[in-house]
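Asks:
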Amino acid sequence: MASSVLSRCVTAAVKVKRFSPALSVRRWLLSAAYTDTSLWEAREKDPHNLAQLAVTMDRTYDKNLPVSSLSVSRFVDNISSREEVEQAEYYLYKFRHSPNCWYLRDWSVHSWVRQCLKYGARDKSLYTLKNKVQYGIFPDDFTFNLLIDPYIKDGDFKSACSVVEEVMLQEAFDLPSTQILSLYALGSYFAARPQLTMSEDRAMGASLLISGLKQDNTVGLSAQLLGNALLGKVEILGGIHAVFRGMPLFWGRGYLYRALAVMERVAAASDDIKLSKDTLDHMGELLQELSSSSDSDSSGEESGGEEDKKEEAGDEDDLAEKAKLPQYITRFKELSCQLETRGKVDSASLQDLVSTFAQQNLAAAEKPDLEQYESRLQAWEAEKRQLIQREKEQREKANQEREERLAAKAAAQQA
Amino acid sequence: MVKKKQVRLIAEMARKIRAYRELKSRPRDSQKYALDYDTMKRPLTGKMLPVLAWADVRKESRLFSILASMRMFGVGRLFTRKSWLEDHTEPSYWQITKVKVDYTAENMDHGKAWGILTSKGKQESDVKEVEKVMYHDWRLIPKHEEQQFTDFEPLPEPPVRYVPYPPLLRAMLLAQHKKATGRVLTEEPILPLKRDVRLNKDYFRSQEQARQSKEGTEV
Numbered sequence: 001m002a003s004s005v006l007s008r009c010v011t012a013a014v015k016v017k018r019f020s021p022a023l024s025v026r027r028w029l030l031s032a033a034y035t036d037t038s039l040w041e042a043r044e045k046d047p048h049n050l051a052q053l054a055v056t057m058d059r060t061y062d063k064n065l066p067v068s069s070l071s072v073s074r075f076v077d078n079i080s081s082r083e084e085v086e087q088a089e090y091y092l093y094k095f096r097h098s099p100n101c102w103y104l105r106d107w108s109v110h111s112w113v114r115q116c117l118k119y120g121a122r123d124k125s126l127y128t129l130k131n132k133v134q135y136g137i138f139p140d141d142f143t144f145n146l147l148i149d150p151y152i153k154d155g156d157f158k159s160a161c162s163v164v165e166e167v168m169l170q171e172a173f174d175l176p177s178t179q180i181l182s183l184y185a186l187g188s189y190f191a192a193r194p195q196l197t198m199s200e201d202r203a204m205g206a207s208l209l210i211s212g213l214k215q216d217n218t219v220g221l222s223a224q225l226l227g228n229a230l231l232g233k234v235e236i237l238g239g240i241h242a243v244f245r246g247m248p249l250f251w252g253r254g255y256l257y258r259a260l261a262v263m264e265r266v267a268a269a270s271d272d273i274k275l276s277k278d279t280l281d282h283m284g285e286l287l288q289e290l291s292s293s294s295d296s297d298s299s300g301e302e303s304g305g306e307e308d309k310k311e312e313a314g315d316e317d318d319l320a321e322k323a324k325l326p327q328y329i330t331r332f333k334e335l336s337c338q339l340e341t342r343g344k345v346d347s348a349s350l351q352d353l354v355s356t357f358a359q360q361n362l363a364a365a366e367k368p369d370l371e372q373y374e375s376r377l378q379a380w381e382a383e384k385r386q387l388i389q390r391e392k393e394q395r396e397k398a399n400q401e402r403e404e405r406l407a408a409k410a411a412a413q414q415a
Numbered sequence: 001m002v003k004k005k006q007v008r009l010i011a012e013m014a015r016k017i018r019a020y021r022e023l024k025s026r027p028r029d030s031q032k033y034a035l036d037y038d039t040m041k042r043p044l045t046g047k048m049l050p051v052l053a054w055a056d057v058r059k060e061s062r063l064f065s066i067l068a069s070m071r072m073f074g075v076g077r078l079f080t081r082k083s084w085l086e087d088h089t090e091p092s093y094w095q096i097t098k099v100k101v102d103y104t105a106e107n108m109d110h111g112k113a114w115g116i117l118t119s120k121g122k123q124e125s126d127v128k129e130v131e132k133v134m135y136h137d138w139r140l141i142p143k144h145e146e147q148q149f150t151d152f153e154p155l156p157e158p159p160v161r162y163v164p165y166p167p168l169l170r171a172m173l174l175a176q177h178k179k180a181t182g183r184v185l186t187e188e189p190i191l192p193l194k195r196d197v198r199l200n201k202d203y204f205r206s207q208e209q210a211r212q213s214k215e216g217t218e219v
């Protein structure tokens, strides 16, 4: 509870700081109206004793009967402390591994994320999100925004980027607010120039590419370029299967070629789209690194027949890609000269570009989200009431049948 | 005469109980299709997979391995198979409409799925069960590639050619027509070189029924 009060004070302090310097209110990062919990708290409460619910659920599981999604949603709604968050996690896991796993409701997932954020269990929600196969947590876009925001506000860009990776894996970059927030998180994480492993490279590249594809401006195209470059690096180092396995990416080879195609497109386009300088620099460094590593590979490569066995029919195409690397480097140099002569290189870094972009557009993007959220809340309430009604009817029917059966048995005994 | 056949009630009951127990102890999908990736053997039957499949099994994934990590188990998304991609350039894909996942699997990566097949650009009209779900061959079509993957202009089909009937059969047809109607058939009977029937069980059954109804029951 104290942590939630503290976080609310922090957000209030941030809001006050923003107000003081400028007359025009600039909301960057989600405004307090967006992360406000008052709408959520204002729904009708359905108090249940958690212990009783737990006992009922355990008994239903023991009898091999299906547990309804309503009981799980009731359990998640009535969490009131950190330990109960852990218990709810256990029941979510059990529900996912039961026959009704498809029916986990959207509002249960939303409520789970809200409760985790309220009771300071942010890392727990991130853990369940990462293991979505085991817990069945598939948040909708509003919930994703709510989850990315506190990490950005704390400056923990690594975790923010892992949430963005989950958004990418669900291909949920539909709302402009989600796109802005994720590009912001990715840009800031990238500006710190961390050392990335291959899998992190692949995740970052994929997130940049897919979020960049939705935006048709400087930010989007620079993100696409950087994403394609990173994926091209993974492709050259690990083969095309290492790129698209487990990711919603296209299996066609030549990601570096597609990166160069982005540059060509920007160079040929007549409107005011540019590419950020540091993405171009990064791509250049990447290409140099790859060519130098491939030279050292080919010179010192005599490590026995195992290598030959691995290089079979499928890898012929991968080798063909590697052979195209010098061509890519020359083309890259040509295209970057072209871009510079046409003035299409923006000297601001990706992070600055994204921050300005966010400042301009986030407020406008938030409004339709909030309206949609309100209508969605009402739809959820209606559905919940319907489920409760259905449960009551079923219980009455079961009671009636039981009474009839008992009466019939008593009559049979008497006769 | 032959002695009357003994009615063995207990044997009947035993047979029924054995059938019931076999029904109850059927292995679940997750047990049936589990695979040991080091020895390429199925633990349930001990059989090994064919050698040509080993490379694919190591590199690609099953349909449900992809579906398990998607919202609503990927209902409404398009999936294609690597063997289709290699076989022909026309797009072939399944659009998933219903999923029944085997909840006893640890990573929810077995089950049955139903969907609409589009094979070589021609979409079918009804929902069928997805075949070869457990094959390590499946690929997800990303949303940003869906449009490009699915638009496909089929080549126009060449027109059907016709040939004249063999002379004896032609004579028989003309005679039959004259007997049935009394008039001489003016147009030449021609045989199309393409039959629009799929030779499957339903077709033969319907043909059998039509033949029986025409012949009538024997007295």
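Quick mapping for you: the protein sequence lines, in order, are chains Z and U. Heads up, the first sequence stops at 415 in the numbering used here, and the numbers go up one at a time, no gaps. Heads up, the second sequence stops at 219 in the numbering used here, and the numbers go up one at a time, no gaps. Glycine included, each C-beta is placed from N, C-alpha and C at the ideal position.
Here's the rule I'm using: 16 or more other beta-carbon atoms within 10 Å means buried, otherwise exposed. How should G216(U) be labelled?
Replies: Along the second sequence, one-based indexing puts residue 216(U) at 216. Its Cβ having fewer than 16 others within 10 Å, G216(U) is exposed.
Asks: What is the DSSP secondary structure of M168(Z), counted as helix, strand or coil?
Replies: Along the first sequence, read from residue 1 onward, the residue named residue 168(Z) stands at position 168. It is helical.
Asks: For A68(U), which residues in chain Z fall below 7 Å Cβ to Cβ?
Replies: The residue given as residue 68(U) occupies position 68 in the second sequence. By Cβ distance, chain Z contributes V133.
Asks: Using 8 Å as the threshold, is the region 134-145 of chain U in touch with the region 173-180 of chain U, meaning 3 or more CB pairs across them?
Replies: Result no; under three Cβ-Cβ pairs closer than 8 Å.
Asks: Using a Cβ cut-off of 7 Å, which residues of the region 156-167 of chain U contact any Cβ in chain Z, in chain order?
Replies: Flagged: no residues at all.
Asks: Between F142(Z) and chain U, is the shortest Cβ-Cβ distance under 8 Å, so that the two count as touching?
Replies: If you number the first sequence from 1, residue 142(Z) lands on position 142. F142(Z) does not count as touching chain U.
Asks: Return helix, strand or coil for W94(U), following the three-state DSSP convention.
Replies: Residue numbering aside, residue 94(U) sits at position 94 when the second sequence is read from its first letter. It is a strand residue.
Asks: May I ask you to list, following chain order, the residues of the region 223-257 of chain Z that have a beta carbon less than 8 Å from some beta carbon of chain U?
Replies: Per Cβ criterion, the list reads H241, F244, R245, G246, P248, L249, F250 and W251.
Asks: How should G187(Z) be labelled, buried or exposed, when 16 other C-beta atoms within 10 angstroms of its C-beta is the threshold for buried?
Replies: As a first step, residue 187(Z) must be located in the first sequence, where it is residue number 187. Result: buried.
Asks: In whole angstroms, what separates the C-alpha of M40(U) from that of L117(U)?
Replies: Taking the first residue of the second sequence as 1, we reach residue 40(U) at position 40. Taking the first residue of the second sequence as 1, we reach residue 117(U) at position 117. Answer to the nearest angstrom: the Cα atoms are 30 Å apart.
Asks: Beta-carbon separation of N228(Z) and A259(Z) under 8 Å?
Replies: For this step, residue 228(Z) is matched to residue 228 along the first sequence. For this step, residue 259(Z) is matched to residue 259 along the first sequence. Yes, Cβ-Cβ distance for N228(Z) and A259(Z) is below 8 Å.
Asks: Between V133(Z), R114(Z) and L287(Z), which has its C-alpha nearest T143(Z)'s C-alpha?
Replies: Here residue 143(Z) is taken as the residue at index 143 of the first sequence, counted from 1. Cα-wise, what sits closest to T143(Z) is R114(Z).
Asks: Quick check for students: name the residue ranges of the alpha helix (DSSP H) that lie wholly in the region 37-113 of chain Z, counting only runs of 4 or more.
Replies: Those alpha helix (DSSP H) runs which fall completely within the region 37-113 of chain Z and span 4+ residues are 38-41, 50-62, 69-77 and 82-96.
Asks: Quick one: using the 10 Å Cβ neighbour count with 16 as the cut-off for buried, is V234(Z) buried or exposed?
Replies: Taking the first sequence and counting its residues from 1, the one referred to as residue 234(Z) is at position 234. That one is buried.
Asks: Give me the subset of the region 122-145 of chain U whose CB atoms are less than 8 Å from a CB atom of chain Z, sorted by chain position.
Replies: Here the close residues are R139, L140, P142, K143, H144 and E145.
Asks: Ordered along the chain, which non-local residues of its own chain (more than five positions away) have a Cβ less than 6 Å from that of E166(Z)?
Replies: Here the question's residue 166(Z) lines up with position 166 in the first sequence. If we look at E166(Z) and ignore the five residues flanking it on each side, its Cβ neighbours are L129.
Asks: Can you pull the chain Z residues whose beta carbon is under 7 Å from the beta carbon of R71(U), in chain order?
Replies: Working through the second sequence from its first residue, we reach residue 71(U) at position 71. Going along chain Z in sequence order, the residues near R71(U) (Cβ under 7 Å) are F138 and Q170.
Asks: So, with DSSP's three-state summary, where would you put G46(U)?
Replies: Position 46 of the second sequence, counting from 1, holds the residue named residue 46(U). G46(U) falls in the coil class under three-state DSSP.
Asks: Please report the residue range of the alpha helix (DSSP H) in which L325(Z) lies.
Replies: The residue labelled residue 325(Z) in the question sits at position 325 within the first sequence. Where L325(Z) is concerned, the enclosing alpha helix (DSSP H) stretches over L325 to T341.
Asks: If the cut is a Cβ gap below 8 Å, which residues of chain Z does N200(U) touch?
Replies: One-based indexing of the second sequence puts residue 200(U) at position 200. Those do not exist, as N200(U) stays about 33 Å from chain Z at its closest Cβ, beyond 8 Å.
Asks: Tell me the DSSP secondary structure of L199(U) in three-state form.
Replies: For the purposes of this step, residue 199(U) is taken as the residue at position 199 of the second sequence. The answer is coil: DSSP assigns L199(U) none of H, G, I, E or B.
Asks: Anything in the region 22-39 of chain U with a Cβ closer than 9 Å to a Cβ of chain Z? List those residues in chain order, please.
Replies: Cβ contacts with chain Z: none found.
Asks: Go to P167(U), then tell me how far its alpha helix (DSSP H) extends in each direction, as first and last residue.
Replies: Taking the first residue of the second sequence as position 1, residue 167(U) is located at position 167. Looking at the DSSP string, the run of the alpha helix (DSSP H) that includes P167(U) is P167 to T181.
Asks: Are V243(Z) and L231(Z) closer than 8 Å when you measure CB to CB?
Replies: As a working note, residue 243(Z) is residue 243 in the first sequence. As a working note, residue 231(Z) is residue 231 in the first sequence. It is a contact, given that the beta carbons lie within the stated cut-off.
Asks: Determine the closest residue to F152(U) out of E187(U), K120(U), D196(U) and K100(U), with distance taken between C-alpha atoms.
Replies: Residue mapping note: residue 152(U) aligns to position 152 of the second sequence, counting from 1. For F152(U), the nearest C-alpha among the options comes from K120(U).
Asks: Helix, strand or coil for R122(Z) per DSSP?
Replies: For the purposes of this step, residue 122(Z) is taken as residue 122 along the first sequence, with counting starting at 1. Helix at R122(Z).
Asks: From this set, E44(Z), S199(Z) and M204(Z), which residue's C-alpha is nearest Y184(Z)'s C-alpha?
Replies: The sequence position of residue 184(Z) within the first sequence is 184, counting from 1. The shortest Cα separation from Y184(Z) among E44(Z), S199(Z) and M204(Z) belongs to M204(Z).
Asks: Along chain Z, in chain order, which residues have C-beta atoms closer than 7 Å to that of Y103(U)?
Replies: On the second sequence, position 103 is the one that residue 103(U) refers to. Those within 7 Å of Y103(U) in chain Z are H97, S98, P99 and C101.
Asks: Tell me whether the region 157-177 of chain U and the region 93-103 of chain U touch, counting them as touching only if at least three CB pairs, one residue from each stretch, are closer than 8 Å.
Replies: Not touching, per the Cβ criterion.
Asks: Could you pull the DSSP bridge partners for R265(Z) from this structure?
Replies: The count along the first sequence starts at 1 and reaches residue 265(Z) at position 265. BP columns for R265(Z) are empty, so no partner.
Asks: Might you give, ordered along the chain, the residues of its own chain that have their beta carbon closer than 8 Å to the beta carbon of R331(Z), omitting 5 neighbours on each side?
Replies: Here the question's residue 331(Z) lines up with position 331 in the first sequence. The residues are L260.
Asks: Between R62(U) and L140(U), how many whole angstroms is the CB-CB distance? I'm expecting something under 8 Å.
Replies: Here residue 62(U) refers to the residue found at position 62 of the second sequence. Here residue 140(U) refers to the residue found at position 140 of the second sequence. In fact, because the Cβ distance is near 12 Å, the residues do not count as touching under 8 Å.
Asks: Skipping 5 residues on each side, what residues in its chain have a beta carbon closer than 7 Å to that of L49(U)?
Replies: Looking up residue 49(U) in the second sequence gives position 49. Cβ neighbours of L49(U) beyond the five flanking positions: M40 and V57.
Asks: Is it buried or exposed, S303(Z), if we count other Cβ atoms within 10 angstroms and call 16 or more buried?
Replies: Here residue 303(Z) corresponds to residue number 303 of the first sequence, with the count starting at 1. In this prediction, S303(Z) has a pLDDT of 45, which is less than 50 and means its spatial position is unreliable; what the coordinates show is noted afterwards. It counts as exposed.
Asks: Report the rounded CA-to-CA distance for A437(Z) versus D317(Z), giving the unit in angstroms.
Replies: Nothing can be reported for residue 437(Z): it is not among the residues displayed for chain Z, which extend from 1 to 415.
Asks: Have a look at H110(U), N200(U) and Q95(U) and flag the residue whose alpha-carbon is nearest the alpha-carbon of Q123(U).
Replies: Taking the first residue of the second sequence as 1, we reach residue 123(U) at position 123. Out of H110(U), N200(U) and Q95(U), Q95(U) has the C-alpha closest to the C-alpha of Q123(U).
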